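In the numbering used here, the protein residues as written are 31 to 301.
Idealized CB from N, CA, C, for every residue including glycine.
These numbers come from a predicted model, not from an experiment.
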């Protein structure tokens, strides 16, 4: 309950998930054993949670609400004998209504997202290792595109270009790394000092990543004391990079849920 209160962490997590493009959600109502498996308490939490996820942008009808007890294992993998009142969850999808009983059913009913493997390669580096007998091995998660041996890649903003010798995941050689894969790849004639965490690896022959002097961003102010205006200088965390920047100007204020413009060139915004 603390999580879904005004400044609760669950609220913040739901907002962050929606902002980051996560469109499928499961609400597992845990610790049902502490309420003596109360149907009324479950319905109360469902109502409260539905209201706030709707404000964030989710459609509660497309969300599975599952009463569980992690401690006792109820409704996790198998139907619970302690909540006979619970008739299962139903959620609306593009293909029609989907039904189930347990948390595992709800996880199985999630539709796998389409991986952006057709887009140009973008691989933010998490770390760079020097491995004896192999050489320099950058490590990171493929965000878009593919990476494979023989490819000539560029690291931005270091502007280092080199050839990929091999690609590995979990100590096994891969033919190619695709979006979602955490890979390590061996590169030719590059020192550990030349590239670092926060650099972005891309295909030198297909829209390589470039350094940007400025960019337009859509920002949500979660909780910030005071107002934010032009000249505000925060530290920006973007993929694995961590860099100081400055707000040059505020272009418009928009409605978080609808995306419609509320005000042009506002002087300041607040949480």
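#1: Within the chosen definition, does the region 160-174 reach the region 212-223 through at least 3 CB pairs nearer than 8 Å?
#2: Any heavy atom of the ligand ADP closer than 7 Å to the beta-carbon of residue 193?
#3: Locate the beta strand (DSSP E) running through residue 216, then write down its first and last residues.
#4: Mark residue 95 as exposed unless 16 or more other C-beta atoms lie within 10 angstroms of its C-beta, in which case mark it buried.
#5: What did DSSP end up calling residue 257 once you bin it into helix, strand or coil?
#6: Identify the residues that DSSP records as bridge partners of residue 170: which are they?
#7: In whole angstroms, give me the CA-to-CA distance for residue 101 and residue 61.
#8: Could you check where the beta strand (DSSP E) with residue 206 kicks off and where it finishes?
#9: Measuring only the C-alpha atoms, how far is residue 103 from residue 66?
#10: Measure the Cβ-Cβ separation of residue 251 and residue 218 and say whether it is below 8 Å.
#11: Count the other CB atoms within 10 Å of the CB of residue 207; is the residue buried (16 or more) or exposed (fewer)?
#12: Is the separation between the beta-carbon of residue 83 and that of residue 55 shorter than 8 Å?
#13: With distances taken from CA atoms, which of 236, 223, 105 is nearest residue 157?
#14: If you scan the region 66-118 from start to end, which runs of the alpha helix (DSSP H) of 4 or more residues do you find wholly inside it?
#15: Where does residue 284 sit, in a helix, a strand or coil, going by DSSP?
To lay it out plainly:
#1: yes
#2: The ligand ADP is absent from the structure shown, which contains no ligands of any kind.
#3: Locating residue 216 in the chain shown gives position 186, counting from the first residue. Segment 212-217, the beta strand (DSSP E) holding residue 216.
#4: Reading the chain shown from its first residue, position 65 is the one you call residue 95. Answer is buried; the Cβ neighbour count reaches 16.
#5: The residue labelled residue 257 in the question sits at position 227 within the chain shown. The answer is coil: DSSP assigns residue 257 none of H, G, I, E or B.
#6: Here residue 170 corresponds to residue number 140 of the chain shown, with the count starting at 1. BP columns for residue 170 point to 155, 213.
#7: Taking the chain shown and counting its residues from 1, the one referred to as residue 101 is at position 71. Taking the chain shown and counting its residues from 1, the one referred to as residue 61 is at position 31. Straight-line Cα distance between these residues: approximately 7 Å.
#8: As a working note, residue 206 is residue 176 in the chain shown. Run containing residue 206: none; DSSP gives neither H nor E here.
#9: Along the chain shown, one-based indexing puts residue 103 at 73. Along the chain shown, one-based indexing puts residue 66 at 36. Taking the straight line joining both Cα atoms gives about 15 Å.
#10: What you label residue 251 is simply residue 221 of the chain shown in a count that begins at 1. What you label residue 218 is simply residue 188 of the chain shown in a count that begins at 1. Against a cut-off of 8 Å, the Cβ pair of residue 218 and residue 251 comes out as no contact.
#11: Position 177 of the chain shown holds residue 207. Buried.
#12: Numbered from 1 along the chain shown, position 53 holds the residue referred to as residue 83. Numbered from 1 along the chain shown, position 25 holds the residue referred to as residue 55. Yes; because the gap between Cβ atoms is below 8 Å, this pair is in contact.
#13: In the chain shown, residue 157 corresponds to position 127, counting from 1. With distances taken between Cα atoms, residue 157 lies closest to 223.
#14: 69-86
#15: Numbered from 1 along the chain shown, position 254 holds the residue referred to as residue 284. Residue 284: strand per DSSP, three-state reduction.
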